[in-house]
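The structure under discussion appears below in the form of structure tokens.
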Amino acid sequence: MNSSSLPLLRSSCNIVLPPEMFQEISSHLAPSDVLSLSLISRYFHHFLQPVLYHSLDLKSFHCRHVLRFLLRRSYPARYIRKLVLRPSYHYLVSGMTSERAKKKEAEVLRIFHGLVPCLRSLHTFVWDGLFSPGPMHDGIWSELKRSCPKLRNVGSVLGWREAINPDTKLFSFQHLKSFSLIPKYREIDAVSMTDCPSAHDFAELPKDLCEMIAKNSLDLERLTIGCPTTSCNERVFDLRPLMHAYWPKLESLTLGQTYVSAAGPSEDESPSPSATLFSSFIGRHRQSLKRLSIPRHIDSSQAAREHSYPSMTLDSMTSSLEKYAGPLPLSINPKLDIKANSSGLQDLSLCLKPLAFSDMAPLRELLKCCTSLMSLAVWVDFTQDVPDMQVGHTGALGTMLEVSPGLTHLDIRCSTQRAQTFRAIDIHQALLTLPSIQVFKLTKVSHKNRFYDADDMLKTVLRIVRFTSSASTLQKISLWYAWKPWNSYDTIGMIKVGTYDVVHPMSPLSHIPFIKAEECNQEHLEAHLGECRAANILAEVPSATYRTLREVEHGGEMYFLHDSIASMPLSRLSTPAVSTAFPLDSDTSLDDTHTNDCYVPQNGCRAVCVCPHRRYVYDSTCPSTPSFSPWDAPSPPLWAMD
22 MNSSSLPLLR SSCNIVLPPE MFQEISSHLA PSDVLSLSLI SRYFHHFLQP VLYHSLDLKS
82 FHCRHVLRFL LRRSYPARYI RKLVLRPSYH YLVSGMTSER AKKKEAEVLR IFHGLVPCLR
142 SLHTFVWDGL FSPGPMHDGI WSELKRSCPK LRNVGSVLGW REAINPDTKL FSFQHLKSFS
202 LIPKYREIDA VSMTDCPSAH DFAELPKDLC EMIAKNSLDL ERLTIGCPTT SCNERVFDLR
262 PLMHAYWPKL ESLTLGQTYV SAAGPSEDES PSPSATLFSS FIGRHRQSLK RLSIPRHIDS
322 SQAAREHSYP SMTLDSMTSS LEKYAGPLPL SINPKLDIKA NSSGLQDLSL CLKPLAFSDM
382 APLRELLKCC TSLMSLAVWV DFTQDVPDMQ VGHTGALGTM LEVSPGLTHL DIRCSTQRAQ
442 TFRAIDIHQA LLTLPSIQVF KLTKVSHKNR FYDADDMLKT VLRIVRFTSS ASTLQKISLW
502 YAWKPWNSYD TIGMIKVGTY DVVHPMSPLS HIPFIKAEEC NQEHLEAHLG ECRAANILAE
562 VPSATYRTLR EVEHGGEMYF LHDSIASMPL SRLSTPAVST AFPLDSDTSL DDTHTNDCYV
622 PQNGCRAVCV CPHRRYVYDS TCPSTPSFSP WDAPSPPLWA MD
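Sequential numbering of the sequence shown, starting at 22, is according to the working numbering.
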């Protein structure tokens, strides 16, 4: 924005504050804070509009109201640089039929078509609906190309059974920096998502699409064709026409339901020509490629194996690679200079295929090479070949993780059968060698029966916080329990979900962290999500069933206080006011304590006070002294509130 058209702000000392200063400050703020800043006065609102409307990610069918507002008042639309339309974002939880959703998406497209001429500064547009715009609304691509000269990043989707229109104007863009084409899941009112098709439609990419990407977009930086979460889609695209292309600036390559091989290995086990073609493609981009995601085998059929990607080895990965998602590399070249070739890898995701117990040793060697690794996601299944069953699970994970002490984000997904899986309350043993972990997520089959709950979420979190060396750095713990083993991560059936924020006190007088807990059980999930077939929609679960606790220290023991006793001096907690209490290491389940009662410690037990219907974090500045009453502390700071 031209600062000459904006009024200068003057303070009481007659100091002139240029608008650029506030725009620079606002660029470092959260969107909610920028909005609050813009509401101070008309002047602030006026020169903060470029920041407010810079990026819009519109979710749900209510996005049509925002589009109508921008259509009526086109002045803010000139500042929009990035626009993402997700009209069916809440489709899976809305109970809406696909036909009705398609009509609503058509309404959104009609409104957006009229708004396009106002988006002169737009450089990124993504359509993320259930269906592509289709022939009736295909004109929006021509309008975007004509009215948005700065548009360089384009993305669209394909419906589950929707064929690519070879004549669509989507493939007429030039000089793109990023392009994405993602097939969607089947509709929720169609066949069950767990019944993935066994016969796939091997399709070729349209000629215009290949020409747009390979010839007319030589500065391409990001390319996405499909994604791992669309593994139940019937279409599989042949990428061989793109394997001869070269983009000097390519940084990110994400491939979903695609293939490059026309035949399997020959009799002498030499790679097929198509496999060599893909390896050559990766080799040409080894200096620029930073993020690589390749798919797993399409299925177990012979046709699928013949159309699979070649196995990756560590020396075939790029020297500049920072993030890799795909199958576990089968081997490590002994001539590889580890520090020179793999030290830059920071994010590793091995969740496309479950790793067996026998894969732990190769994985350990791979992690040993990744000296800069900060984020790891791994899917394991120890059902078949764990000789020691439960005893060896956490030990195997701990041995695998001890070579990566720099991890800050860890995601473990274990689909081992219920009778053989490890106990969640023992998972802290695998985290003992991770002093810098900040975010930990565990997905496993629930290990619970009517007599014993070895997967109690709260006790699991308490053990992690209390006994691991990362207690001072932990920020969030997520526990997801499935009701049975799963074959692919995108069809997991959840029975219970818990999210725990570890809030560390700001006061030097107290070193005991607070734990903010939110738990959703199966009944709550089914009430809000219907059958809840896909794990990735659990992010939309409303927060209604949870336990909020406060941890304080008294006499060397940790206690969790419910707000009903917040006014009680901590010195009174040593009296046996209630007979029900249990130590942390006992096998007593907390599932039956969803009341507003106060559980006071006896005989060295810890007090656990549970509140199922409050969402509140107490002030963490209170000293941990026995005579202190939490109500004597200042009001809870804003950061501690929802």
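Think of the CB as a built atom: it goes at the ideal place given N, C-alpha and C, for glycine as much as any other residue. On a predicted model such as this, the values are computed, not experimentally measured, just so you know.
Beta-carbon gap between residue i and residue j smaller than 7 angstroms
| i | j | result |
| --- | --- | --- |
| Thr489 | His449 | yes |
| Ile446 | Lys480 | yes |
| Glu232 | Lys198 | no |
| Ser314 | Pro375 | no |
| Glu225 | Asp188 | no |
| Cys139 | Ala98 | yes |
| Ala191 | Trp162 | It is Leu, not Ala, that sits at residue 191 in the sequence shown. Yes, the pair counts as a contact, with Cβ atoms nearer than the cut-off. |
| Pro316 | Gly277 | yes |
| Met381 | Ala440 | no |
| Phe65 | Ser59 | yes |
| Thr404 | Gln367 | no |
| Leu388 | Ser425 | yes |
| Lys166 | Trp181 | no |
| Leu371 | Leu394 | no |
| Lys270 | Asp229 | no |
| Thr279 | Ile246 | yes |
| Ile132 | Leu88 | yes |
| Arg305 | Ser273 | no |
| Leu151 | Ser109 | yes |
| Phe200 | Leu143 | no |
| Ile458 | Leu500 | no |
| Leu79 | Leu106 | yes |
| Leu310 | Tyr345 | no |
Selection from the options that minimises the alpha carbon distance to residue i
| i | options | result |
| --- | --- | --- |
| Phe461 | Lys166, Val175, Asp522 and Pro138 | Asp522 |
| Pro40 | Leu60, Gly155, His67 and Leu50 | His67 |
| Asp402 | Ile101, Thr464, Leu79 and Val129 | Thr464 |
| Arg307 | Thr279, Tyr267 and Leu422 | Tyr267 |
| Lys517 | Val524, His525, Trp507 and Tyr502 | Tyr502 |
| Glu164 | Phe152, Leu179 and Ser193 | Ser193 |
| Arg256 | Leu202, Leu239 and Met264 | Leu202 |
| Thr454 | Pro269, Leu58, Leu69 and Leu422 | Leu422 |
| Pro18 | Leu179, Arg487 and Cys391 | Beyond the ends of the chain as shown, which are 22 and 663, falls residue 18; an answer cannot be given. |
| Cys169 | Phe43, Ala122, Ile101 and His111 | Ile101 |
| Leu495 | Ser109, Val72 and Val482 | Val482 |
| Phe299 | Leu310, His265, Arg312 and Thr275 | His265 |
| Gly160 | Arg141, Arg85 and Asn186 | Asn186 |
| His158 | His134, Asp149, Ser177 and Thr275 | His134 |
| Cys84 | Trp148, Asn237, Cys390 and Gly519 | Trp148 |
| Leu373 | Ser379, Cys390 and Ala398 | Ala398 |
| Lys103 | Ala122, Leu73 and Ser81 | Leu73 |
| Trp504 | Thr275, Thr442, Ile485 and His196 | Thr442 |
| Glu540 | Leu263, Ala377, Gly519 and Pro227 | Gly519 |
| Glu45 | His414, Ser379 and Pro71 | Pro71 |
| Asn237 | Cys248, Gln195, Thr118 and Pro262 | Gln195 |
| Trp400 | Leu384, Ala235 and Arg141 | Leu384 |
Extent of the continuous alpha helix (DSSP H) run through residue i
| i | result |
| --- | --- |
| Trp162 | Gly160 to Ser168 |
| Ile234 | Lys228 to Ala235 |
| Phe43 | Pro40 to Ser47 |
| Pro383 | Met381 to Cys390 |
| Met478 | Met478 to Phe488 |
Enclosing beta strand (DSSP E) for residue i [first to last residue]
| i | result |
| --- | --- |
| Cys435 | His430 to Cys435 |
| Ser425 | Per DSSP, Ser425 belongs to no beta strand (DSSP E) and is neither H nor E. |
| Ser201 | Ser199 to Pro204 |
| Met515 | Met515 to Val524 |
| Thr494 | Thr494 -> no beta strand (DSSP E), and no H or E assigned at all. |
| Thr145 | Thr145 to Trp148 |
| Ile246 | Arg243 to Ile246 |
| Cys139 | Premise fails: Cys139 is in no beta strand (DSSP E) and is neither H nor E. |
| Phe461 | Val460 to Val466 |
| Phe258 | Arg256 to Asp259 |
| Arg312 | Arg312 to Ser314 |
| Leu376 | Asp368 to Leu376 |
| Tyr345 | Lys344 to Ala346 |
| Trp400 | Ser396 to Val401 |
| Ser177 | Asn174 to Leu179 |
Residue i beta carbon near the ligand PLP (any heavy atom closer than 6 angstroms)
| i | result |
| --- | --- |
| Leu276 | Here there are no bound small molecules, and the ligand PLP is not part of this structure. |
- Whole beta strand (DSSP E) runs in the stretch 57–119 with 3 or more residues, listed along the chain? 76–80 and 103–107
- Say whether the stretch 90–97 touches the stretch 40–60, bearing in mind that this needs 3 or more beta-carbon pairs closer than 8 angstroms, one atom from each stretch. no
- Query: For the 8 angstroms Cβ check, are there 3 or more pairs between the stretch 161–174 and the stretch 116–126?
  - Reply: no
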